[in-house]
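Protein sequences, first through last, are from chains A and B. When you line the first sequence up against numbering that gives the first Met the number 0, it's residues 0 to 741, in that order. When you line the second sequence up against numbering that gives the first Met the number 0, it's residues 0 to 110, in that order.
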Amino acid sequence: MSLDLGDALQTFFAESRSLLQEMEEGLLRLETAPDDAEAINAVFRAAHTIKGSSGLFGLDDIVAFTHKAENVLDRVRNNELALNEDLIGLLLGCRDHIERLLDITADGAEMDADTRQQGEALASQLSQRMGQSASTLPAETATPVQSLGGGRMVGDTWHISLRFGRDVLKNGMDPLSFIRYLGTLGEIVHLTTLNDALPAAAEMDPECCYLGFEIRLRSEADKARIEGVFDFVRDDCQLYILPPGSRVADYINLIEQLPENNTRLGDILVACGAVTQRELDESLALQACESEHRESAQPLGEILVERQIVQPELVGAALNKQKEARHRQSQEARLVRVHADKLDELINLVGELVIAGAGATLLAQRQGGSAMQEATALISRLVEEIRDGALRLRMVQIGETFSRFQRVVRDVSKELGKDIELVITGAETELDKSVVEKIGDPLTHLVRNSMDHGIEPAEVRAANGKPVKGKLKLNAYHDSGSIVIEVGDDGGGLNRDKILQKAVERGIVGPNQNLTDREIYNLIFEAGFSTADAVSNLSGRGVGMDVVRRNIEALRGTVELDSAPGEGTTVRIRLPLTLAIIDGFLVGVGDSAYVVPLEMVLECVELSDADRQALAHRAYVNMRGEVLPFVRLRDHFDVKGNGSRRENIVVVHYGGHKAGLVVDQLMGEFQTVIKPLGEMFSRVKGISGSTILGTGEVALILDVPSLIQQAASREASVNSQAGLYGEAGLSGTADRATASVQ
Amino acid sequence: MELSSERHENRLRVHAAGEMTIYSAAELKPALLEAMGQSDEIEIDLSNVSEMDTSGVQLLMLMKREAGAAGKALTLSGHSPAVLEVFELLGLGGWFGDPQVLPADAKGRAA
Numbered sequence: 000m001s002l003d004l005g006d007a008l009q010t011f012f013a014e015s016r017s018l019l020q021e022m023e024e025g026l027l028r029l030e031t032a033p034d035d036a037e038a039i040n041a042v043f044r045a046a047h048t049i050k051g052s053s054g055l056f057g058l059d060d061i062v063a064f065t066h067k068a069e070n071v072l073d074r075v076r077n078n079e080l081a082l083n084e085d086l087i088g089l090l091l092g093c094r095d096h097i098e099r100l101l102d103i104t105a106d107g108a109e110m111d112a113d114t115r116q117q118g119e120a121l122a123s124q125l126s127q128r129m130g131q132s133a134s135t136l137p138a139e140t141a142t143p144v145q146s147l148g149g150g151r152m153v154g155d156t157w158h159i160s161l162r163f164g165r166d167v168l169k170n171g172m173d174p175l176s177f178i179r180y181l182g183t184l185g186e187i188v189h190l191t192t193l194n195d196a197l198p199a200a201a202e203m204d205p206e207c208c209y210l211g212f213e214i215r216l217r218s219e220a221d222k223a224r225i226e227g228v229f230d231f232v233r234d235d236c237q238l239y240i241l242p243p244g245s246r247v248a249d250y251i252n253l254i255e256q257l258p259e260n261n262t263r264l265g266d267i268l269v270a271c272g273a274v275t276q277r278e279l280d281e282s283l284a285l286q287a288c289e290s291e292h293r294e295s296a297q298p299l300g301e302i303l304v305e306r307q308i309v310q311p312e313l314v315g316a317a318l319n320k321q322k323e324a325r326h327r328q329s330q331e332a333r334l335v336r337v338h339a340d341k342l343d344e345l346i347n348l349v350g351e352l353v354i355a356g357a358g359a360t361l362l363a364q365r366q367g368g369s370a371m372q373e374a375t376a377l378i379s380r381l382v383e384e385i386r387d388g389a390l391r392l393r394m395v396q397i398g399e400t401f402s403r404f405q406r407v408v409r410d411v412s413k414e415l416g417k418d419i420e421l422v423i424t425g426a427e428t429e430l431d432k433s434v435v436e437k438i439g440d441p442l443t444h445l446v447r448n449s450m451d452h453g454i455e456p457a458e459v460r461a462a463n464g465k466p467v468k469g470k471l472k473l474n475a476y477h478d479s480g481s482i483v484i485e486v487g488d489d490g491g492g493l494n495r496d497k498i499l500q501k502a503v504e505r506g507i508v509g510p511n512q513n514l515t516d517r518e519i520y521n522l523i524f525e526a527g528f529s530t531a532d533a534v535s536n537l538s539g540r541g542v543g544m545d546v547v548r549r550n551i552e553a554l555r556g557t558v559e560l561d562s563a564p565g566e567g568t569t570v571r572i573r574l575p576l577t578l579a580i581i582d583g584f585l586v587g588v589g590d591s592a593y594v595v596p597l598e599m600v601l602e603c604v605e606l607s608d609a610d611r612q613a614l615a616h617r618a619y620v621n622m623r624g625e626v627l628p629f630v631r632l633r634d635h636f637d638v639k640g641n642g643s644r645r646e647n648i649v650v651v652h653y654g655g656h657k658a659g660l661v662v663d664q665l666m667g668e669f670q671t672v673i674k675p676l677g678e679m680f681s682r683v684k685g686i687s688g689s690t691i692l693g694t695g696e697v698a699l700i701l702d703v704p705s706l707i708q709q710a711a712s713r714e715a716s717v718n719s720q721a722g723l724y725g726e727a728g729l730s731g732t733a734d735r736a737t738a739s740v741q
Numbered sequence: 000m001e002l003s004s005e006r007h008e009n010r011l012r013v014h015a016a017g018e019m020t021i022y023s024a025a026e027l028k029p030a031l032l033e034a035m036g037q038s039d040e041i042e043i044d045l046s047n048v049s050e051m052d053t054s055g056v057q058l059l060m061l062m063k064r065e066a067g068a069a070g071k072a073l074t075l076s077g078h079s080p081a082v083l084e085v086f087e088l089l090g091l092g093g094w095f096g097d098p099q100v101l102p103a104d105a106k107g108r109a110a
């Protein structure tokens, strides 16, 4: 793209992706409800829009391919081609191909041979469908139509909607002769001529055809014969044929397909043959008469229904059509597309504001003027609200991420030959966009795992008296400042004994250690567990689970697992709502301040003099009879200056391990705006980020997991040097901490 | 297609004769519009129209609509059998709202 269309092109890609998403959702919905006219329309619209916009950018490959898919969709929409599983599969394939083409264009790459071949294969399948459509016609009339009540329309009368192309007359054909010929097949009961497309006198070309016709034909002929009447103008007209006995739903479809956008409701109803002109006129008169009595006239639709001239569904559809355009406009006006970078910038600024606000509050406190303090208190309250509001801007519903799994579940269950249903709850739960982006991969892993190994094959399920159809549940909810995401299945559950056996073999737990079932299940998240050996022995559960855990812990989240034999397994992921601002616990060493994430702090204890004496020689303290490894932050960060008079130990925990951090001062809770550290600090151990205090000083955020590891390894080395290893009954905690490091 | 017109007080009567088809549509449109510009009350006599196709009907519909929009009265009179057949087929008699005299044979066909 040498043209300066960069920005517009980006918008095009973004829009196309969301359209493809809609398309996929629509197709999946059609798989369960093949008569969902709205879904068909949505899919068609998506393809149509992508084709149109691609044309604007001259992306000919996309236009050419999408056009073929659109043709097939158009036939589906016109009830000329029946939707079945194969066709939906093909259309999903087309959707994926369009996505690939978009990706290739976005990367500025050339189409490779593979993609080209795939496109050709899909295109030939598509054209096969186009050719096949004629033979599916008779069957199509027999497809069940969704019942919206209202019953059948009376009589053996066909309804035919005709819109002739502009050029028919110039091509030497007279629409009238087709209608006359149609009359030979039966009796034209009613015919309405529509001139809505007729332009103003000045623009009207007398040699063009602008007319449309709504025809009620009483005839014994079959659909193919009626359609045959229009063979000569097939490419030059829009033709909709509704067979006798069509239900209200069909007419509703028709209303939605007719081109007369601005036709008044009444006209649409007349056009459908649902009401006659006379009935309409009467209702209009009634409306006019009533409006004299009342300021706001009762809508025409209500009058028609009240007088039982039309079924409510028909009016509803017609009204919907009128409202749709207006509604879409107002929807667009309510949503603003904002670049994610701008939002990040705003969040950054709000972070600065929080820090500056803390500085101002501190100053006010020092100076002590009550008016000044009151003012800063007000400001800090507002700043807090702004902070919450700004963070909320980045909140997105998890539903979008969840619904992507409809496709995964569909494809994987086909692949595995299992019948699995996806149940989504809590889709409206919100969380930070940056978290959403990173949760996709671990979730996919868990979902695939559940489907692959959790849910048993149909025969096994049937033998165990369970419903043959497996169920996979995705659930999300908020729980005290964090979001919980659950991936559950109703499969066979985990094999507790095998896991334990494996864990003992691998030295993850001691042979005589007493563990609860839950602790045993959660062992599959341990790093040593995911080996090829485990795959065969444990029917695969646990493969890559440590990767899942690592991904989630990188988001400052946790993961745990529940399982009941024969009933299924649920993996529960707990994530912080945001990655930008956390609750911290501020501690001081010398003149420096450090922040420990508050949720990792267990307790704070003052170090006794006796302990302080012993610290120099030992790497652990006796904590109420428990061996607790510790790190002296003063030593770790090489803080200058003399030790203070008193020292405290902050007990932190993470991932089942505990350790103490020895600090000088405890300074209390602190709203921490996380600032990432630059590249050059990436090798510094024990620090995960920085933040700025109210005084303007920088405080480092401690990387607790790595500090715990260091504490444990230091304890081990000190112990072995002093020949103390194995002495004095190391408690379970220390044992495990050591083991996990080795 | 031939057009001739005569004036009766305020009323302009236009006689159309021959084919109202695609072959004459291009000339007919400006001629009819011009005639409409000359008076507030126009009558188009269709008694000598020998043939009518979609383009002819379409033109008459355009005239009727334009006249209505401009607050003028346009009536059609003396529908020839060719015109009646088309109006009957397309259900346009009511749309134009002019009295139509059905000849005996046309009546039989319509029933």
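Note that the Cβ used here is the ideal one computed from N, Cα and C, for glycine as well. Bear in mind the structure is a predicted one, so any value in this text is a computation, not a measurement.
| Query | Result |
| --- | --- |
| Beta-carbon proximity check, residue 572 of chain A vs residue 596 of chain A, cutoff 8 Å | no |
| For residue 30 of chain B and residue 2 of chain B, believed in contact at Cβ under 8 Å, the rounded distance | 5 Å |
| Of the listed residues A:487, A:521 and A:492, nearest to residue 502 of chain A (C-alpha basis) | A:521 |
| Boundaries (first-last residue) of the beta strand (DSSP E) holding residue 686 of chain A | 686–691 |
| Host alpha helix (DSSP H) of residue 170 of chain A (start-end) | Unbroken run through residue 170 of chain A: none, as it is neither H nor E. |
| Cβ-based neighbour list, residue 219 of chain A, same chain, cut-off 7 Å, excluding 5 preceding and 5 following | 185 |
| Rounded straight-line distance, which links the Cα of residue 92 of chain A to that of residue 72 of chain A | 14 Å |
| Candidates A:160, A:359 and A:646: closest to residue 694 of chain A by CA position | A:359 |
| Exposure of residue 488 of chain A, with buried meaning 16 or more beta-carbon neighbours within 10 Å | buried |
| Chain D contact residues for residue 76 of chain A, given Cβ-Cβ distances below 7 Å | Although the question refers to chain D, the structure presented lacks it and instead comprises the protein chains A and B. |
| DSSP-derived helix/strand/coil call for residue 472 of chain A | strand |
| Closest residue to residue 63 of chain A among A:49, A:711, A:413 and A:407 (Cα-Cα distance) | A:49 |
| Neighbour flag for residue 43 of chain B against chain A, beta carbons, 8 Å | no |
| Partners in chain A for residue 57 of chain B, counting only beta-carbon separations shorter than 8 Å | 194, 197, 205, 208, 209 and 210 |
| Straight-line Cα distance separating residue 65 of chain B from residue 7 of chain B | 22 Å |
| Strand pairing of residue 396 of chain A, partner residues [DSSP] | A:429 |
| Rounded distance between the beta-carbons of residue 18 of chain B and residue 111 of chain B, thought under 8 Å | Outside the displayed range of chain B (0 to 110) lies residue 111 of chain B, so it cannot be described from this structure. |
| Under 8 Å between C-beta atoms of residue 192 of chain A and residue 91 of chain B | yes |
| For residue 137 of chain A, the three-state DSSP class (helix, strand or coil) | Low local confidence applies: a pLDDT of 37 at residue 137 of chain A is under 50, so the model's placement there is unreliable, with the coordinate-based value given in what follows. Residue 137 of chain A: helix per DSSP, three-state reduction. |
| Continuous beta strand (DSSP E) assignments of at least 3 residues falling wholly in the region 617–675 of chain A | 619–622, 625–631, 647–653, 656–662 and 664–672 |
| First and last residue of the uninterrupted beta strand (DSSP E) at residue 218 of chain A | 211–218 |
| Cβ-based burial, residue 656 of chain A [other Cβ within 10 Å; buried from 16] | buried |
| Chain A contact residues for residue 65 of chain B, given Cβ-Cβ distances below 7 Å | 200 |
| Amino acids of chain B, ordered along the chain, whose beta-carbon sits closer than 7 Å to that of residue 173 of chain A | 52 and 53 |
| C-beta contact flag for residue 353 of chain A and residue 630 of chain A at 8 Å | no |
| Residue 78 of chain A - partner residues in DSSP beta bridges | Answer by DSSP bridge pairing: none, since residue 78 of chain A is not bridged. |
| First through last residue of the beta strand (DSSP E) which encompasses residue 338 of chain A | Residue 338 of chain A -> no beta strand (DSSP E), and no H or E assigned at all. |
| Given residue 433 of chain A as reference, the closest of A:364, A:548, A:340 and A:470 once Cα atoms are compared | A:340 |
| Of the listed residues A:474, A:410 and A:494, nearest to residue 570 of chain A (C-alpha basis) | A:474 |
| Whether residue 100 of chain A touches residue 68 of chain A by CB criterion (8 Å) | no |
| Where residue 464 of chain A sits in the DSSP three-state scheme | coil |
| C-beta neighbour in chain B for residue 191 of chain A, strict 8 Å | yes |
| Beta carbon of residue 636 of chain A nearer than 8 Å to that of residue 588 of chain A | yes |
| Residue 63 of chain B burial status per 10 Å Cβ neighbour count (16 or more: buried) | buried |
| Distance, residue 565 of chain A Cα to residue 223 of chain A Cα | 55 Å |
| Amino acids of chain A, ordered along the chain, whose beta-carbon sits closer than 8 Å to that of residue 71 of chain B | In chain order: nothing, as chain A lies at least about 13 Å away. |
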